[in-house]
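Data block below; observations after.
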Amino acid sequence: MDAHNFERLDDLSFFNRERTGPSPDTPKPGQDGLRPIAASGAAAALTPPLSPSELERGERLLYRLTEFGHLLWESGIEVGPQQLLDLAETLNEIDITNPGDFYYTLKCSLLTRHEQETLFDQLFNYYWQSRDRQNRPPDPGPTRRDDRQIRLPPSERKRLAEHLNADSQQRELRMGERESERRRLLDEQAGEHEDDQAPPQGTAYSALELLRKKDFESFTWEEVQEAKRLMAEMRWNLGLRPTRRKRPVRKGDYPDMRRIVRRNLKYGAELLELTWRENKEKPRPLVIICDISGSMSLYSRLLLHFIHTISNGLLNVEAFVFGTRLTRITRQLKRRDVDDAVREVSRTVQDWSGGTRIGEALHMFNQQWARRVLGRGAVVLIISDGWDRGDANLLRAEMDRLQHSCHRLIWLNPLLGSPDYRPLTIGMKTALPYIDDFLPAHNLDSLIHLGKLLERIDDRRPARTPAARREAVKVWQRPTS
Amino acid sequence: MFARRYVADRSLATAVFLALKRRKPLLLEGEPGVGKTEVAKVLADLLETRLIRLQCYEGIDISTAVYEWNYTRQMLYIRLMEASGTTRQEELKEIFGPDFLIKRPLLQAIDSANAKAPVLLIDELDRSDEEFEAYLLELLSDFQITIPEIGTIAAQEPPIVVITSNRTREIHDALRRRCLYYWIDYPTLEKEYSIVLARMPEAPEYLAKQVCAFVRELRALDLFKAPGVAETLDWIASLLALNQLELVEGTVRDTLGALLKYQDDVLKVGGSNLGKLLEKARSASL
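Just so you know, the sequences run in chain order Y and U. Numbers in this note's numbering are just positions in the first sequence, counted from 1, shifted up by 5. Numbers in this note's numbering are just positions in the second sequence, counted from 1, shifted up by 116.
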């Protein structure tokens, strides 16, 4: 927004001027399908009878608006046809020859989020200003087709091509899988006939067992694929929290006056049947903050898959990743297909496999996101190995604040899988007193265990007294057995 | 446009104007204390119409937001009826009639008895839960409410709806799409200065300038909660109550509580760099 454009409008002149704008016999918008469209362009002219040239101009404006809407849509700002129709009608109300008003109108009609503003401004400037200046079309016909081609910058086009390729590759892969599966089934059947002593299901089961216990670190590519499939099959449930909303029940804590009166009308004024309400319960929101720095690189891709399956299975999940800075990836993970989502994330995130500054990342989270996503008794899940290169004091302060603003703070550490692991790095040592549950996340079993823990979370607050904190640290200081 | 002691820039004015013209709800977001609620108040004042305010909270439901039956009165009435021996049919009709209805804000807003479209302020929508938001969706598109016992009540003049949110929860996209969206940012130095003058005409200009400059310095710091305009006004009022004519380090330190609401922030600002901040503010206000 322009920083110094401030003015004080002391009277109603602004309104009055606008109100007298379209004369009363201009057709009211929304009465029929086509006329307001033509009128929207002609609003600039302000004369009621529309000449053909004005009509044409109106149509051209409408065309450009749709095109702009499309551009926004392609850039990730979701603009639907209804919004564009509304906008076209809205433009009737303002003086569209005033560039400022035109801009503000487009902005408040098409935007729905503060985060989109910068992108919108860029696109607005690009589309309505710089692009026109660069190549003003001599005749509208052929250039329009050109426009459609330049609309996607080269990098985007490349991405699109990659995306299309990847799709076909995947399809081939799946085909291949199915083929091999069929073969395996046949083999197994054949095996059954030959040798009844070793049931193939048993071997398959123990293989599964092994896979579940195996550290992600030493996974082969095939095992990774298998693990992804297993993850996708996991079902996630989060602990419930009571809400303030009531629902009718047979026996509850609060009388349901409305139904009591209705039910008992038949008895006159005697209240014979009582009905009740009680607090409704809802799953808690889950916030995942995942480390994707260099030291975690062996785990991070797989953990991303894991986060994707959680966030698709549960309603209320917010996800962030950090290396040296924090990136919110909730929107990217909304894509159904895991591979699409992961690709989308890696495109957005700038600091893959770099250094770690947990303290700073948490600071940013506390500043910008805590208030927005930690309401309603949220459970926070931090996934990191605690190799921190940032300031320990900052980390301590931020962990303290984070623990205070969430219902449960769980830290998953892939290194915890090894029985000899002791939290000795400065980062982990600093964070340890503020963690409610310190769990491993190195194999599939640990994730299943996590799932059980999340399900069990109830209303009880974990102990967060200084004594409890000292105890938590002491547990990890014991020598390895 | 806002003669009533509200200083708006043209972009906000445009958004409000369009909301009025198109009869679309206006969704205002911004940090706490930048004047979101104030927009609705001033708007009602300006249009000389009623302001109906619905403060949202978790678990807000139909009986507190839309309507409720007056149960006690219904019960008493039935007793009376029984005593006088009227037939049942009439009783029933009267018991669920408008006389026994308690109108809550949303019903008040679309009541056909309104001579003039009121301003309906749905404050801090992010505090309510998804269920209520979904209900609003229906209401905001048709401006009618169905009460099973009475029938459908539709607004003759749809109210002017202002929705505010502090973003403690994301408002659903479906609702966002139906609204005009506007993000109220912290004001610029000049704008804040004119807000202070408009709101506190009794404040000396020099002090007002210094205060605005100082608050701007604070916002540039990495604070957990930066002070909003409401806090600025609050602080000036406190300084005036202490008969201060300009910012002095000691008084500033003692009154920081009007500006900063977290202990960490107070420590951060109240430390050794307070003098430096003040110096900066003084030079900026000259």
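All C-beta atoms, glycine included, are put in the ideal place defined by N, C-alpha and C.
With 8 Å set as the bound, which would you pick, yes or no: does the beta-carbon of residue i sit closer than that to a beta-carbon of chain Y?
i	result
Lys392/U	no
Leu134/U	yes
Ala336/U	no
Thr425/U	Outside the modelled stretch of chain U, which goes from 117 to 402, sits residue 425/U, for which no answer is possible.
Arg138/U	yes
Arg315/U	no
Phe340/U	yes
Asp289/U	yes
Ser127/U	yes
Thr284/U	yes
Tyr297/U	yes
Tyr187/U	yes
Arg292/U	yes
Closer than 8 Å, CB to CB, is residue i near chain U or not?
i	result
Glu122/Y	yes
Gly395/Y	no
Met262/Y	yes
Gln372/Y	yes
Arg469/Y	no
Glu476/Y	no
Gly85/Y	yes
Asn21/Y	Note that Asn21/Y scores a pLDDT of 40, beneath 50, so its modelled location is shaky; the value from the coordinates is reported in the next line. Not one chain U Cβ lies under 8 Å of Asn21/Y.
Glu5/Y	Any property of residue 5/Y remains undetermined from this structure, which presents chain Y solely from 6 to 486.
Glu365/Y	no
Glu286/Y	no
Glu228/Y	no
Have a look at the DSSP bridge pairing and note the partners of residue i.
i	result
Lys287/Y	Arg246/Y
Phe443/Y	Trp416/Y
Pro300/U	According to the sequence as given, residue 300/U is Ile; it is not Pro. Answer is Gly146/U.
Ala270/U	Gln260/U
Arg333/Y	Phe325/Y
Ser281/U	Glu145/U
According to DSSP, is residue i helix, strand or coil?
i	result
Ile276/U	strand
Gly382/Y	coil
Gly398/Y	Checking the sequence shown, residue 398/Y turns out to be Asn, not Gly. Three-state result, Asn398/Y: helix.
Gly359/Y	coil
Ile431/Y	helix
Phe259/U	coil
Pro204/Y	Because the pLDDT at Pro204/Y is just 40, under 50, the model does not fix this residue reliably, and the point stays unresolved.
Ser351/Y	helix
Gly391/Y	coil
Ser135/Y	helix
Ile311/U	helix
Pro1/Y	The structure shown does not extend to residue 1/Y, since chain Y is modelled only from 6 through 486, so no value can be given for it.
Ile238/U	strand
Ser388/U	coil
Ser80/Y	coil
Arg341/Y	coil
Phe370/Y	helix
Trp481/Y	helix
Leu393/U	helix
Ser410/Y	coil
Cys113/Y	helix
Smallest Cα separation from residue i: which of the options?
i	options	result
Leu459/Y	Arg246/Y, Gln127/Y, Tyr68/Y and Asp356/Y	Arg246/Y
Leu138/U	Pro57/Y, Gly81/Y, Leu92/Y and Thr280/Y	Checking the sequence shown, residue 138/U turns out to be Arg, not Leu. Nearest of Pro57/Y, Gly81/Y, Leu92/Y and Thr280/Y to Arg138/U, Cα basis: Leu92/Y.
Glu318/U	Leu356/U, Tyr298/U and Ala346/U	Leu356/U
Ser354/U	Arg243/U, Met316/U and Thr153/U	Met316/U
Pro141/U	Thr284/U, Glu362/U and Thr280/U	Thr280/U
Glu70/Y	Arg466/Y, Asn103/Y, Lys271/Y and Tyr132/Y	For the sequence presented, residue 70/Y should be read as Leu rather than Glu. Of the listed residues, the one whose Cα sits closest to Leu70/Y is Tyr132/Y.
Arg220/U	Ile168/U, Glu254/U and Leu291/U	Ile168/U
Leu192/U	Pro438/Y, Val266/Y, Arg427/Y and Arg394/Y	Val266/Y
Asn284/Y	Tyr309/U, Asp177/U and Cys328/U	Asp177/U
Phe248/U	Thr180/U, Ile266/U and Leu390/U	Thr180/U
Glu120/Y	Arg474/Y, Gln355/Y, Arg333/Y and His368/Y	Arg333/Y
Ile269/U	Ala156/U, Asn230/U and Glu246/U	Asn230/U
Indicate, with yes or no, if the ligand COA has a heavy atom lying under 7 Å from the CB of residue i.
i	result
Gly328/Y	Here there are no bound small molecules, and the ligand COA is not part of this structure.
### Query
Can you list, in chain order, the stretches of the alpha helix (DSSP H) that have 4 or more residues and sit fully within the segment 255-327 of chain Y?
262-269 and 302-318
### Task
Enumerate, from N- to C-terminal direction, the unbroken alpha helix (DSSP H) stretches of 4 or more residues contained entirely within the segment 339-379 of chain U.
345-357 and 365-371
### Task
Identify every run of the beta strand (DSSP E) within the segment 168-236 of chain U, keeping only runs that are complete inside it and at least 3 residues long; order them along the chain.
183-185 and 217-219
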